[in-house]
Amino acid sequence: MSGEHVRAILLQEFYITKRTLEVIMDLLFTSLMTVVLFGFVSRFLVGALNASSGSYLILGMLLWEIIRVNQYSLSVGSLWNIWARNLSNLFIAPLSLHEYVIAHMLSGLLKTVIIFLLIAAIAAAGFQFNILRLGLLNLTLFFVNLTIFAWSVGLVLLGIIFLFGTRIQALAWGFIFLFQPLTAAYYPVAVLPPALQRLAYALPPTFVFEAARRALGSPDVNWPFAAAAFVENAVYFGLGLVAFILMFARSRNTGQFARNEG
Amino acid sequence: MDETVRPETLQGRRGDVVDRPAGGHAPEALLEVRDLVKDFGRFRAVDGISFAIPRGKIIGLLGPNGAGKTTTIHMLLGITTPTSGRIVYFGKKFDAHRQECLQRINYASSFNTLQGRISVRENLQVFAHLYGLKAPGARIKELAAYFEIGELLDTRYWDLSAGQKTRVNLIKALLNDPELILMDEPTASLDPDIADKTLSLIEQARSGSAVSILYTSHDMEEVNRICDEVIFLDHGRIVAQDTPLGLTKRILTAQLKLTFDGERGVVEAFLAQQGQRHRFAHDYAVVIDTTEKMIPNLIFGISERGVWITDIEVKKPTLEDVFLRIARGDGHVG
């Protein structure tokens, strides 16, 4: 693997992000507005109901952004090149598929860290919700698990885009929200019907959100939940990677990869 | 273009001398394609083509729409997988040495563009890093000066005119000092002046370094101008391969236009007797589709019948005629 190639794609991501209002709006502006909105709703709920239900909302929102920004960056990053008819130029250069994917993962991670720090600071300063209450180790474990899940979904969506072209591009920014209710981002899993609860626990973020809500009371690490999330993530990431590689190969075989820009 | 700027830029870092082997030796093939096939479902887009591109040569890849040109180029670039066959660059199998081969080739097309939202310099920096250039800034500056777009380096790519974009695409294609460039209709959608300049740049690039080019185009004049050899594709197969002149010589027919002073009926009767296909442009001018060999006989025969020939015009076949024959279904020329 060439670090220079990864650097090239990171450089392009930096240039595109800095010069593209849509990316700034989709990532930074949306995250900022969401934290403000959820901050006020939380404040209202804390006053009207109780402190924990209000905190659940803003906590879920902050953690959900880790999934959203990571996945968006991985899937939509390639769409900018497809729309510009530049993607095949990149693959005509001596860039390997894994260098390309790693660069987009790193780019997503970098954006996520920056945005997460910003919105966490706003939540702390504006709405008295300090994410560090969860404990640094907990927070790191949550961040890693949510990031891996986002990458797994992002890889599958990227593969689908390569395979079917831009006609299904809306999935790149919309599909992830399917997991928001299923993973019980804003409420305890117990709220879900029993059948959906079983499905929820088949998704790694559910363990993260549950553990995070419990950590609001005590910052001890819930190791069984952390382990369950890691194991599921390992399976999802493995499957996502294999699916992506197969879909990429298939898109080159059917000619769709070249036609994506035609 | 400043003709006096003689680029180190295009001279190449591998040496200034074009590697043209002495007579008797087969030229070194940078690219060898053997029995290349591409099926899309039941449709065979490329049907067992084989060819080679020697160092320092420009090879035209021509054919009507749907002939398989673009699919071939996509397979040669690795963005479409062949169904079967072999692609060998620099003596190495492409599928096994993809990155190594791509490091030494490049691509320019009017159909691909660079990232429109970022500047020309930023775009070129990305590719300079991808090709592992040691001093990207200097190389970009040098090529930009040569292509006279130095002042546009900080302009967004999408703000450039079509001609300026083509120049930037050519800079991208030369960044890594490639030994082989695949060009897919690089002058399509350019106005004639810019297209001419682009062709001059390609000619300079070729004469200044050992670069070889595989060139697709629909413009027969430019193919005639820059290509050393032409490969005609039709329905995925190579139907003709020769120099542009060699190809036109394969068409045995020529068009003879005679303007005359005399009886139209006499001329008409003579041509009918000789079995010559003809049409009258007007009462005193006839256009005859014939062979080059028959031309003296026809002129002599008509004159002998008391018709005074006042003007003779012979139209020899062009590369365009070859193209039209293939496009209209007469796939095998000569």
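Line by line, the protein sequences are chains A and B.
So for the first sequence, our numbering puts the first residue at 1; every next one is plus one.
So for the second sequence, our numbering puts the first residue at 1001; every next one is plus one.
Glycine included, every Cβ here is placed at the ideal spot set by N, Cα and C.
Keep in mind it's a predicted model, so treat the numbers as computed, not measured.
A1096 (chain B) sits in coil when the DSSP states are folded into three classes, being neither helix nor strand. The region 111 to 118 of chain A makes contact with the region 24 to 35 of chain A: 3 or more CB pairs, one atom from each, lie closer than 8 Å.
Per the Cβ contact rule, the region 64 to 84 of chain A is in contact with the region 161 to 179 of chain A (3 or more Cβ pairs under 8 Å).
Listed along chain A are A8, L11 and Q12, each with a C-beta nearer than 7 Å to that of V1126 (chain B). Contact check for L1077 (chain B) against L1102 (chain B) passes: the beta carbons are separated by less than 9 Å. For the beta strand (DSSP E) assignment, the region 56 to 125 of chain A encloses no uninterrupted run of at least 3 residues.
Membership of G240 (chain A) in the alpha helix (DSSP H) is indicated by the continuous run W223 to T254. Ranking B:R1277, B:N1065 and B:P1317 by CA distance to the CA of D1289 (chain B) puts B:R1277 first. According to DSSP, Y1215 (chain B) shares a beta bridge with B:G1060 and B:M1183. Judged by DSSP secondary structure, P1054 (chain B) falls within the beta strand (DSSP E) whose first and last residues are F1043 to P1054. Here D1321 (chain B) is buried, its C-beta having at least 16 other C-beta atoms within 10 Å.
The region 1164 to 1175 of chain B and the region 1130 to 1142 of chain B touch, with no fewer than 3 CB-CB distances between them shorter than 8 Å. In the three-state scheme derived from DSSP, where H, G and I count as helix and E and B as strand, Y1157 (chain B) is classed as helix. Contact check between the region 1238 to 1249 of chain B and the region 1202 to 1219 of chain B: fewer than three CB pairs, one atom from each, fall below 8 Å, which does not count as touching. Residue pairing from DSSP places F1232 (chain B) in a beta bridge opposite B:L1062 and B:A1240. K18 (chain A) and G1048 (chain B) have their C-alpha atoms some 47 Å from each other. At a cut-off of 9 Å between C-beta atoms, R1139 (chain B) does not count as an interface residue with respect to chain A.
DSSP, read as helix, strand or coil, puts N1176 (chain B) in coil. Residues of chain A with a Cβ closer than 8 Å to the Cβ of N1112 (chain B) are, in chain order, R85, N86, S88, N89 and E261. According to the DSSP assignment, G154 (chain A) belongs to the alpha helix (DSSP H) that extends over L136 to F164. Within the region 27 to 59 of chain A, contact with chain B at the beta-carbon level (separation under 8 Å) is assigned to no residue. In this structure Y1089 (chain B) does not touch I1079 (chain B) by the C-beta definition: roughly 15 Å separates them, more than the 8 Å allowed. For T1072 (chain B), the uninterrupted alpha helix (DSSP H) segment begins and ends at K1069 to L1077. Interface annotation, T166 (chain A): not in contact with chain B, CB-CB separation never under 9 Å. In the three-state reduction of the DSSP assignment, I1118 (chain B) falls in the coil class, being assigned neither a helical nor a strand state. Scanning B:E1028, B:R1167, B:H1235 and B:R1237 for the CA closest to the CA of L1199 (chain B) turns up B:R1167. Interface residue (Cβ-Cβ distance to chain B less than 9 Å): S78 (chain A) is not classified as such. Assignment of V1307 (chain B) by DSSP, reduced to helix, strand and coil, places it in the coil class. Fewer than three Cβ pairs drawn from the region 167 to 181 of chain A and the region 251 to 260 of chain A lie within less than 8 Å of each other, which leaves the two stretches out of contact. Burial state of W1158 (chain B) is exposed, judged by a 10 Å Cβ sphere holding fewer than 16 other Cβ atoms. Contact with chain A is absent for E1185 (chain B), since none of that chain's Cβ atoms lies less than 9 Å from the residue's Cβ. For G1150 (chain B), no CB of chain A lies under 9 Å from its own CB, so it is not counted at the interface with that chain. The Cβ neighbour count for W223 (chain A), taken over all protein chains shown within 10 Å, is under 16; the residue is labelled exposed.
Secondary structure at Y15 (chain A): helix, using DSSP grouped into helix, strand and coil. According to the DSSP assignment, T30 (chain A) belongs to the alpha helix (DSSP H) that extends over T30 to A48. Judged by DSSP in its simplified three-state form, A1281 (chain B) adopts strand.
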